[in-house]
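Here the structure comes first, spelled out in structure tokens, and everything after it is commentary.
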Amino acid sequence: MGLRKFNNWIKTLLINQYCQKGFNVFDICAGKGGDLTKWAHAKINRLFFADIAEISVKDAVDRYTKDISTRPKLHAFLPTFICADCHKPGLQQELERQAIPFDLVSCQFALHYSFESESSAKQFLTNVSCNLQPGGHFVATLPSASRIVDRVTRSPSLNFGNPFYKVTFEKKEFPRFGAKYSFTLLDAVDSVPEYLVHHETLVELAKACGLQFVEKQNFLEFYKKCKVPKNERLERTVRGESGPLDPRFQEIVGIYNIYVFKKVESVHLPAKNLLGLKKFPPVTEMDIIKIEEQPTTITPRPQRDTQTQNQHKEQQDQQEHKDQQDQQDQQEHKEQADYKDQDDPHQDQD
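Quick note: the sequence shown uses our numbering, first residue 1364, plus one each step.
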């Protein structure tokens, strides 16, 4: 089994474990919609789909349209496609405006990008939590900071890997936020910047957003736990004709973890509306909700010296006096005109 198929199997198992029929789901940083079919098989009620790249969201809409036209037996759900920076407050505002209660939030292979800064990580987790119902779950897959730090610390250089992947640091320093490294995957990913997510930091920030830590498992541990007879058919479906995971990829998947959190704080949201759709509603690129963040930088007004301020005040006083005089003159002219109209016996007569 190749790396892509293995990752899909892990995601499918995770979704099957925490998603139930009739759920409202928020797929954050959802890319090109690779999990759309998984949500249909889970028989969900609604799907909110968000990603920063407009081209990816358009690809997801195209995939959705193709699926509903070629696979009519798929379970129908109502989708909402959003193009937004998932690390910014604009997404939170849109979710709160929509006021749709979520039963499950999913983030696959993307949470670690928010740890470029503390503010970005906090806002991302706020976006995850804001519409999640009490008792609802947040599931995520991301690289293990402890395993990566251990590997690079033991390495004589600033990188480690094998012929199929490579992780490279600029220096062996690993702060809570902004701990950047580049990740390269043969024939797939070319030196993409990523950020470490330290376990204690993630749990701490999530708790502040009302998300209680439930579990963390390494991909290989999760794979072994789920490799039971009831999942054999699913595994065969995902991997196709290929056999078990290629040993050459085990080192790569071994640096990834699954995370699960549970919402414990209450939110004031309306009751969930079960739509019971018989068929998928049509969606086009025109239906994509695009959220543009407003610039937050405020340019300070230039400071004037005292003499300039006094001159400016005198000019204002003179202008105000002139405006008052003009208004008084206009009022006098109006009163004279009204008086003349009243005394004219031929006014409005033929």
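We treat Cβ as the ideally placed atom computed from N, Cα and C, and that holds for glycine.
Neighbourhood of residue i by C-beta, 6 Å cutoff - its chain only, sequence neighbours within 5 removed
i, result
"Tyr-1528", "Leu-1548 and Ile-1615"
"Gln-1380", "none"
"Leu-1474", "Ala-1503 and Leu-1505"
"Asn-1443", "It should be noted that the sequence gives Thr, not Asn, for residue 1443. Hits under 6 Å: Phe-1411."
"Tyr-1622", "Ala-1503 and Lys-1579"
Cβ neighbour criterion (16 or more within 10 Å) applied to residue i
i, result
"Val-1627", "exposed"
"Glu-1417", "exposed"
"Ala-1571", "exposed"
"Thr-1504", "buried"
"Pro-1644", "exposed"
"Asn-1370", "buried"
"Asn-1525", "exposed"
"Gly-1498", "exposed"
"Asp-1466", "buried"
"Leu-1565", "buried"
"Gln-1461", "exposed"
"Val-1555", "exposed"
Under 8 Å between C-beta atoms of residue i and residue j
i, j, result
"Phe-1624", "Val-1577", "yes"
"Ile-1373", "Ala-1405", "no"
"Leu-1559", "Ile-1618", "no"
"Phe-1487", "Ser-1477", "yes"
"Tyr-1544", "Glu-1557", "yes"
"Ala-1484", "Leu-1568", "yes"
"Asn-1494", "Ile-1463", "yes"
"Val-1424", "Ile-1651", "yes"
"Gly-1365", "Asp-1609", "yes"
"Phe-1412", "Ile-1445", "yes"
"Asp-1422", "Cys-1392", "no"
"Ser-1492", "Leu-1574", "yes"
"Ile-1654", "Glu-1459", "no"
"Gly-1396", "Tyr-1427", "yes"
Which residues DSSP lists as bridging residue i, in chain order
i, result
"Asn-1620", "Leu-1505 and Asn-1581"
"Val-1468", "Phe-1389 and Phe-1501"
"Thr-1443", "Phe-1411"
"Ile-1652", "Ile-1445"
"Gln-1456", "DSSP output for Gln-1456 lists no bridge partner at all."
"Lys-1626", "Leu-1574"
Chain-order list of residues whose beta-carbon lies under 8 Å from that of residue i (same chain, five-residue window excluded)
i, result
"Leu-1521", "Val-1515, Thr-1531, Phe-1532, Glu-1533, Lys-1534 and Lys-1535"
"Trp-1402", "Ile-1378, Cys-1382, Val-1388, Asp-1390, Leu-1410 and Phe-1440"
"Asn-1757", "There is simply no residue 1757 to check, as the chain begins at 1364 and stops at 1713 in what is shown."
"Ile-1613", "The residue asked about is misnamed: residue 1613 is Gln in this sequence, not Ile. Only Leu-1583 meet the Cβ criterion."
"Glu-1648", "Lys-1421 and Val-1424"
"Val-1646", "Val-1424, Tyr-1427, Thr-1428, Pro-1442 and Phe-1444"
Cβ-based neighbour list, residue i, same chain, cut-off 7 Å, excluding 5 preceding and 5 following
i, result
"Glu-1656", "Asp-1448, Lys-1451 and Gly-1453"
"Leu-1640", "Ala-1439, Phe-1440 and Leu-1441"
"Asp-1430", "Leu-1399, Thr-1400 and Leu-1437"
"Arg-1611", "Phe-1527"
"Phe-1537", "Val-1512 and Leu-1559"
"Thr-1433", "none"
"Arg-1539", "His-1561 and Thr-1564"
- Task: Starting from the N-terminal side, write out each stretch of the alpha helix (DSSP H) that is 4 residues or longer and does not extend beyond the stretch 1486-1564.
- Result: 1508-1517
- Task: Report the residue ranges of all beta strand (DSSP E) runs contained in full by the stretch 1382-1406; include only those spanning at least 3 residues, in chain order.
- Result: 1387-1391
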